[in-house]
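Reviewing the structure listed below.
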Amino acid sequence: MNLWLTRIIPDPRSRDARRDTAGAVDLHHRLMSLFPDNLPDPEPRRRLGILFRSETTPAGHQILLQSTQPPDLSRLPAGYGQAATKTLTPLLDALRPGLHIRYRIAANPIRKPGRTTRELYQLKAIVPLQGTAADDWWARQAETSGLRLGTLYSSPLDAARGARRSDRSQVQHHRILFEGTAVIADADRLRTRLTDGIGKGKAYGCGLLSIAPHREPA
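Residues in the sequence shown are numbered consecutively from 1, following the UniProt record's numbering.
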C-alpha cells in the first residue's frame, strides 16, 4: 500500500487558514475536502487512511497530513499557504527489525474504568491520563506497534477541540506529545500502525505516528 505525507504551512494572513488552525473540527473538514467526496464507504477517513497533526515548530506552524492517496491541493483556498506532497513508500519499504528510529506522535492517552471503579471513585467513563500514567500508556502502545523504546519524552499539548457541524456538540480530545528514540522489533506491525494510527481522536489530529531513521552515537 502506498502512503503519502503532505506538509502544509498555513499563511497567517489567510482568514481560512487562521480559522482552520484554531479548531480541530474545522481543520478536519478542510483536510477531508482535499479528497473525493463521493466515496461509497460510510467511513471515508478510515478508507483513505487520513491522519493529521497540527504543530508549532521553530520555523512556524505546520500541518502534517498522511493518507493512502495524494490529496488534491488545488482545492485549498487561494492564499491558504504552502503545501507539498511526497510518498512515504520508500521509508515503509526500508523498515526492518533492528533499525534505530526517531518517533513523534500527538496522542490521546485515556483509560476507560469499569462501572464498579467509576462508581467507587466517582470517575467519568473516559479518564485522560497524565504524567507517568500517560508515559506508561505510550510504552504499551509502542510495544504493540512493533517498537522497543529507547528514550521517551512527553509534554502536554492543547486539547483538540471544536463544535461538530451537524449538531454543534463539543469535541474535546486531550493530547500529549510523545517523542524519542526506539528500535524496530516488528516491521510489519509497525507499518500497520503507521497506516492506521494509534489511539482515539484520529479524526481530530491525534494518532499520527511519524518516524525517521536515527543513527545511534558511536
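Glycine included, every Cβ here is placed at the ideal spot set by N, Cα and C.
Which of helix, strand or coil does DSSP assign to residue i?
| i | result |
| --- | --- |
| E43 | coil |
| Y204 | helix |
| S166 | coil |
| L91 | helix |
| A182 | strand |
| L73 | helix |
| R13 | coil |
| R18 | helix |
| L177 | strand |
| R96 | coil |
Use the C-beta contact count for residue i: other C-beta atoms within 10 angstroms, 16 or more gives buried, fewer gives exposed.
| i | result |
| --- | --- |
| G60 | exposed |
| A107 | buried |
| S33 | exposed |
| L39 | exposed |
| D72 | exposed |
| S210 | buried |
| R45 | buried |
| I198 | buried |
| T6 | buried |
| K202 | buried |
| S166 | exposed |
| A160 | buried |
| G162 | buried |
| I126 | exposed |
Along the beta strand (DSSP E) that carries residue i, what are the first and last residues, could you check?
| i | result |
| --- | --- |
| D158 | 147-163 |
| H29 | It is not in any beta strand (DSSP E) - H29 instead sits in the alpha helix (DSSP H) that spans 24-32. |
| P10 | 4-10 |
| A83 | 81-87 |
| H61 | 60-67 |
| F52 | 51-57 |
| L209 | 209-213 |
| R104 | 100-107 |
Between residue i and residue j, is the Cβ-Cβ spacing less than 7 Å?
| i | j | result |
| --- | --- | --- |
| D11 | G81 | yes |
| D135 | S155 | no |
| T181 | R102 | yes |
| H28 | Y204 | yes |
| W137 | P97 | no |
| L88 | L3 | yes |
| residue 221 | I184 | Only positions 1 to 218 of the chain appear in this structure, which leaves residue 221 out of reach. |
| Q66 | L157 | no |
| residue 224 | L51 | A query on residue 224 cannot be resolved here, the shown segment of the chain reaching from 1 to 218 and no further. |
Identify the continuous alpha helix (DSSP H) that holds residue i and give its terminal residues.
| i | result |
| --- | --- |
| T195 | 187-196 |
| A133 | 131-144 |
Output the distance between the C-alpha atoms of residue i and residue j, rounded to the nearest integer angstrom.
| i | j | result |
| --- | --- | --- |
| K86 | R18 | 25 Å |
| R75 | T132 | 42 Å |
| S169 | D20 | 18 Å |
| S145 | A212 | 15 Å |
| P77 | A83 | 12 Å |
| I8 | Q141 | 28 Å |
| F178 | I63 | 17 Å |
| A24 | P128 | 18 Å |
| R15 | L99 | 43 Å |
| G79 | V171 | 28 Å |
Does residue i get closer than 7 Å to chain C when you measure Cβ to Cβ?
| i | result |
| --- | --- |
| M32 | Annotation note: the requested chain C is absent from the structure, which comprises a single protein chain. |
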